[in-house]
Amino acid sequence: MKTFVTMGRGGTGKTTFVALMAKYLVEHGETPLLLVDADPDQNLAELVGVDLETAGKKTIAELLSETFIQQGGTMVGIPPSRRIENRIWQEGLYEGESFDLFSVGTKWVEGCYCLPDAALKNALASITRQYRYILIDSPGGLEHLNRKIASDVDTIFDIMGPSSKSFAHVKRAHRVINEVGIRFNRFFVVGGYGFDADPDPSSLSALGLPYLGKIAADPEVARMVLQGKNLLDTPADSAAYRSVAGIVGKVLGKE
Ligand SMILES: Nc1ncnc2c1ncn2[C@@H]1O[C@H](COP(=O)(O)OP(=O)(O)OP(=O)(O)O)[C@@H](O)[C@H]1O
Ligand SMILES: [Mg+2]
Numbered sequence: 699m700k701t702f703v704t705m706g707r708g709g710t711g712k713t714t715f716v717a718l719m720a721k722y723l724v725e726h727g728e729t730p731l732l733l734v735d736a737d738p739d740q741n742l743a744e745l746v747g748v749d750l751e752t753a754g755k756k757t758i759a760e761l762l763s764e765t766f767i768q769q770g771g772t773m774v775g776i777p778p779s780r781r782i783e784n785r786i787w788q789e790g791l792y793e794g795e796s797f798d799l800f801s802v803g804t805k806w807v808e809g810c811y812c813l814p815d816a817a818l819k820n821a822l823a824s825i826t827r828q829y830r831y832i833l834i835d836s837p838g839g840l841e842h843l844n845r846k847i848a849s850d851v852d853t854i855f856d857i858m859g860p861s862s863k864s865f866a867h868v869k870r871a872h873r874v875i876n877e878v879g880i881r882f883n884r885f886f887v888v889g890g891y892g893f894d895a896d897p898d899p900s901s902l903s904a905l906g907l908p909y910l911g912k913i914a915a916d917p918e919v920a921r922m923v924l925q926g927k928n929l930l931d932t933p934a935d936s937a938a939y940r941s942v943a944g945i946v947g948k949v950l951g952k953e
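Reading the sequence shown from the start, the letters are residues 699 to 953 in this note's numbering.
This is the structure in structure tokens:
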């Protein structure tokens, strides 16, 4: 089981990258695959052709709130982690043909973190064990790191935007991840689609973090996102998909 997390500033192409990475993993038989939408805006599902509401699925935050707050913990005898785990399996997890998906959602209850956090951690550990790859799509920025959706991660991708602030973001992200105690094996920098060319080598080497290449800007992909199309149907010769396939291939040691 390997967890890949994508992060970066707002709008650098994180969610699109995750969707195209999912396409690569599915098409290369790197399954079972779990997609986790950790962005309160929840657009990963849409980009991979899933409508959680129509599928009758709830976010983890909704399930936590229903299980621990609204029901007041009256399910006597069943440990909290098992309670939430059962509900995630039944009511949270979207199970598709080529991947599963759940959404973390927004409704965190202030001041009531301890029990759900510990319970959630155990429940998620048990659920995620079934998968070969887990892709987590994060919201822009760094605040989400405090929620520690995952504390043991194989690979982190920081998708850079084309501004000098993105370099500062990468440095900060790397530092904050260490500070909040998220363990990871590898931290890579990826050039977002907004760069005209690969970022300046001297700025990259000043970061001191490995650079995997750039995601190609691709009007076809932009159009598909705009029209709410499933990015798993992106044509194989799409420039964006080919660039993402190259990046994922490197990470998987296939190229
Ligand atoms: N490779 C690409 N080529 C062209 N346009 C792209 C590409 N990747 C993303 N975009 C466009 O950029 C916009 C933002 O993409 P995306 O939602 O993936 O970014 P994000 O980093 O996840 O944003 P947020 O921080 O809001 O979650 C989308 O409208 C999408 O069409
Ligand atoms: Mg996003």
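In this text, a Cβ means the ideal position worked out from N, Cα and C, and glycines have one as well. In this text the structure is predicted, and so the values were computed from the model without any measurement.
What would DSSP say about K755, mapped onto helix, strand or coil?
In the structure shown, K755 sits in coil (DSSP, three-state: anything other than H, G, I, E or B).
With a cut-off of 8 Å on the beta carbons, I'd call S836 and V703 a contact; round off their distance for me.
Yes, they are in contact, since the Cβ atoms of S836 and V703 sit about 6 Å apart, within 8 Å.
Taking DSSP as the reference, what is the three-state secondary structure of V797?
The residue asked about is misnamed: residue 797 is Phe in this sequence, not Val. Residue state, collapsed to three classes: coil.
For the stretch 909–952, list the alpha helix (DSSP H) runs that are entirely contained and at least 4 residues long, ordered along the chain.
Entirely contained in the stretch 909–952, the alpha helix (DSSP H) runs reaching 4 residues are, in chain order, 917–924, 937–949.
Per the contact definition of three or more C-beta pairs closer than 8 Å, is the stretch 859–869 in contact with the stretch 818–833?
In short, these stretches do not touch, since the Cβ pair count stays below three.
When DSSP labels each residue in this structure, what does T853 get in the three-state scheme?
DSSP places T853 in strand when its eight states are reduced to three.
What is the rounded straight-line gap between the Cα of G790 and the Cα of F766?
Computed Cα separation, rounded: 15 Å.
Can you tell me whether DSSP reads T765 as helix, strand or coil?
Here T765 sits in helix by DSSP.
Just list the residues that DSSP pairs G889 with in beta bridges.
Answer is M858, K912, bridged to G889.
So for Y792, helix, strand or coil by DSSP?
The answer is strand: DSSP assigns Y792 an E or B state.
If you follow the alpha helix (DSSP H) that I782 is in, where does it begin and where does it stop?
That run of the alpha helix (DSSP H) goes 778–785.
Alpha carbons only, please: which of S801, R940, L910, E783 is nearest the one belonging to E918?
The option with the nearest alpha carbon to E918 is R940.
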